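Worksheet: the structure to be examined is printed underneath.
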Amino acid sequence: MRQSLVLILFGLGAIGVGVYEYYDLLALETEGGTRKVHALIKLVYEAGGRYAVLGFFGLVGAACLGAAGIKLVRRPRGEAQTA
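For the sequence shown, my numbering assigns the number 22 to the initial residue and increments by one for each residue that follows.
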């Protein structure tokens, strides 16, 4: 259960980071200037622009949420639900 909760939080966080990076890159493109970014974000941005960054983090988040959903569905019914 805790693994599923961690996956859900990580998935939502990844989607949130993607949205933040999208708007931050949009503002950077509009206003100009420079900014330091992580090498992974730079690689994805250079490959496909701000939409690719949003899509990458969206896919990572969706994969985490899907994995958490699968873990919750496949959990045995007799398993104790202790926190």
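C-beta: ideal position from N, C-alpha, C; glycine also.
Every value quoted in this text rests on a predicted model; they were computed, and no experiment measured them.
### Task
Using a threshold of 7 Å, state whether the C-beta atoms of L28 and A89 are closer than that.
yes
### Query
Distance, Cα to Cα, L64 vs F78?
13 Å
### Query
Could you give the uninterrupted runs of the alpha helix (DSSP H) lying entirely in the region 39-79, keeping only those of 4 residues or more?
60-69
### Message
On a Cα-Cα basis, can you pick out the residue from R98, E50 and V38 that is closest to I62?
### Response
V38
### Task
Check whether the Cβ of V81 lies closer than 6 Å to any heavy atom of the ligand FMN, and answer yes or no.
With respect to small molecules bound, the structure shown includes none, and the ligand FMN cannot be examined in it.
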